[in-house]
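A quick write-up on the structure given underneath.
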Amino acid sequence: MPNIFKKPTMSGHLWIIYVISLLLLGFIWYYQWTLGLLMTLFLAASIFYSVRTEQNMINETEEYISTLSYRVKKVGEEALLEMPIGIILYSEDYMVEWANPYMNKFTEEDTIVGSSLKKLSDQLIPSVKDDEDEVWINIDGYKLQTIIKKKERLLYLFDRTKQTEIHNLYKNEQTVLSIIFLDNYEEITQGMDDTAKSHINSQVTSILNKWAGDFGIYLKRTSQERFIAVMNQEILYTLEKAKFEILDDVRELITDQNVPLTLSFGIGVGPVSLPELGELAQSSLDLALGRGGDQVAIKDDSGKVRFYGGKTNPMEKRTRVRARVISHAMKELVQESEKVLIMGHKSPDMDSVGASIGILKIAQANDKKAAIVLDPDEIDTGVQRMIEEIEKDEDLWHYFITPDDALEMVTNETLLVIVDTHKPSMVIEEKLLSKTEHVVVIDHHRRAEEFISDPTLVYMEPYASSTAELVTELLEYQPKKLKLSMLESTALLAGIIVDTKSFTLRTGSRTFDAASYLRSKGADTVQVQKFMKEDLDVYVRRSKLIEKANIYRDGIAISTGDSGETYGPVIIAQAADTLLTMSGIVSSFVISERKDGRVGISARSLGDINVQVIMEKMNGGGHLTNAATQLEDTTIEDARALLQDIIDEYFEGGDEE
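Numbering (the working numbering), first residue to last: 88 to 744.
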């Protein structure tokens, strides 16, 4: 306790002085009694004055302490009752035992004493039970920061409504930059006369200007096919809530004239500088175009991306210029490298293997040593027959190596070519990506958020039927000494046939051109059919999956395997494909357990439903008509329930995202 709060007593130094004075007084009395008498009177007066002064100080101090104690008590009472902080004491069964008058501000009732904490907010009791120190709750429009003292069964509530409003105002007023791109504008208008081209420009510009005016957006056309839009976060929230209906407006208008022109948006958001916003917007646009266009990609400063749209299949490009340019770039990269390693995705299919063989031939045509990475433990039954046929061809089979061999071979000067995937987590051996600085990505899937970092060359065309089709076009522009054997060309053709379901899905004129080229090089269609043959027990197992299908919504079939029974990804995919051939079914989803303990979902569509965005909601991906995902730590029943919720959200929320 501080000395000020202790009861005062006669100071010690005074007693010492008086004792010494008495001793000296004794000497004076002994030698001169008259002087001693006088000094005795002075000493008595001094002692009287000191005692009186000390007593006055004691009385004043006691009075001060008494007054201060009263004031502290009074302030404590005032603070408890009048302080602008809510205070609640609750019982063990979470009933309000006492609340200060400030809490009456947040309720219409006279008192909340006797009420349950749940009546104030559904979040309070769970937060207390979870030993949380703090929770934010809403009470009748008030935003309250609640500090939880569980040991004392005490809550402190701070009104943060104004603070939240200021924060929201700051966030809502943040600048958002968007780049709008007219997909395939050049390809569509290159054969038009000036009048038709001007008419399309006028219509699209009119729609965009009206849209910008309705939402308060600044819009500026920077080229024939590109616009810049400036808005704030509040406007962006409104657009997201409406699922960017401008995409539908443009698509519906243009479709009426049989001109497949669509929009792509790249949007950058976040509390960053304008140059950084511009980079985010351009990166988002690249992502949207890489996924096939007709959609919105929104990227924030943390790198997270949100997608809207993607309802239409990407239109096949009419020019082969890009294929020729990429082919020459590949030729230069191969020639500058020490060796070439080719790698597809885990559990490779015929498209992955065929495309790998095609890249192998490009390396050989440029006199470079090359090898294909293949994990013999991850070969599905769907590609087993092709691998068995390749094993019989010793000249081709010795170019296939294991991931361990590849890790020993790779150097910093090695060219690593990734085919049929662009996700690091999907490649056969992810460690290879960090062993070299020269990586090429060739893929036909729509671009996802996960992407191989800093590739030297990227050739991604979501319009293509397969990666084998893209690689076949590259082969056509390689040195003339390139020779394809019958088995090599057959493997490439098998990749195209499998991914197009025998030229029925995602098939364009370029697909037939590639198939024609391969056929001219000796590709055997009968051999392809042998590759695609299946065992009777596989057919029966697939039929069991199909038998369990039910119609969930109009035209949507969902089939689930029995709990405890595992199916390979190929059988699941084949079952989804088969369901899609049934009358009245426009989309199919097949769910079953896999050997690796995960639950697999394969999704198919005829194009009316974008199964890619549905699977992306479940951490998967793919194409508009062909997608899949694998879920960990879940059951078939939970996976089906989650899928149904996402399908409901897809339709009720505007058919997308």
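Here a beta-carbon is modelled for each residue, glycine too, at the ideal position from N, C-alpha and C.
The C-alpha of residue 365 is placed about 14 Å away from the C-alpha of residue 313. For residue 232, the enclosing beta strand (DSSP E) covers residues 229 to 236. The DSSP assignment places complete alpha helix (DSSP H) segments of no fewer than 4 residues inside the stretch 443 to 507 at 468 to 479, 481 to 484 and 490 to 496, in order along the chain. Here residue 273 carries a helix assignment [DSSP, helix/strand/coil]. In the structure shown, residue 627 falls within a helical segment according to DSSP collapsed to helix, strand and coil. In its chain, beyond the 5 residues on either side, 242 and 243 have a beta carbon closer than 8 Å to the beta carbon of residue 236.
Residue 519 is a Cβ neighbour of residue 503, given a cutoff of 7 Å. Non-local C-beta neighbours of residue 477 in its own chain, meaning closer than 6 Å and more than five positions away in sequence, comprise 483 and 484, ordered along the chain. Counting the other CB atoms within 10 Å of its CB gives residue 577 a total of 16 or more, which places it among the buried residues. Under the three-state reduction of DSSP output, residue 432 falls in the strand class.
Here residue 131 carries a helix assignment [DSSP, helix/strand/coil]. Among the bridge pairs identified by DSSP, residue 315 is matched with 266 and 307. DSSP places residue 713 inside the beta strand (DSSP E), whose first and last residues are 713 to 718.
The C-beta of residue 287 has 16 or more other C-beta atoms within 10 Å across all chains shown, which makes the residue buried. For the 7 Å CB-CB criterion, residue 681 and residue 721 do not form a contact. By the C-beta density criterion, residue 737 is buried, having at least 16 other C-beta atoms within 10 angstroms.
Within the same chain, Cβ atoms closer than 7 Å to the Cβ of residue 524 are found at 499, the five residues on either side in sequence being excluded.
By the Cβ test, the stretch 598 to 616 is not in contact with the stretch 639 to 659, since fewer than three Cβ pairs between them sit closer than 8 Å.
Residue 423 and residue 686 have their C-alpha atoms roughly 44 Å apart. In this structure, residue 677 lies near residue 659, with their beta-carbon atoms less than 7 Å apart. Residue 663 is positioned such that its CB atom lies closer than 7 Å to that of residue 675. Judged by beta-carbon spacing, residue 661 lies beyond the 7 Å limit of residue 628, meaning their Cβ atoms are not closer than that value. Within the model, the alpha-carbon separation for residue 134 versus residue 240 is close to 58 Å. In terms of CA proximity to residue 266, 352 leads the group 352, 200 and 182.
In this structure, residue 438 sits near residue 554, with a CB-CB distance shorter than 7 Å. Residue 382 is bridged by DSSP to 396.
Rounded to whole angstroms, the gap between the alpha carbons of residue 142 and residue 124 is 27 Å. Within the DSSP bridge table, the entry for residue 177 names 183 as partners.
Closest option to residue 719, judged by alpha-carbon separation, among 699, 683 and 559: 683. By the 16-neighbour rule on beta-carbons within 10 angstroms, residue 120 is exposed. Residue 593 sits buried, since 16 or more C-beta atoms from the chains shown fall within 10 Å of its C-beta. Within the same chain, Cβ atoms closer than 7 Å to the Cβ of residue 539 are found at 505, 509, 511, 520, 526 and 528, the five residues on either side in sequence being excluded.
DSSP, read as helix, strand or coil, puts residue 594 in coil.
Here residue 468 is exposed: its Cβ has fewer than 16 other Cβ atoms, across all protein chains shown, within 10 Å. Residue 110 sits exposed, since fewer than 16 C-beta atoms from the chains shown fall within 10 Å of its C-beta.
CA-CA distance, residue 454 to residue 410, rounds to 21 Å.
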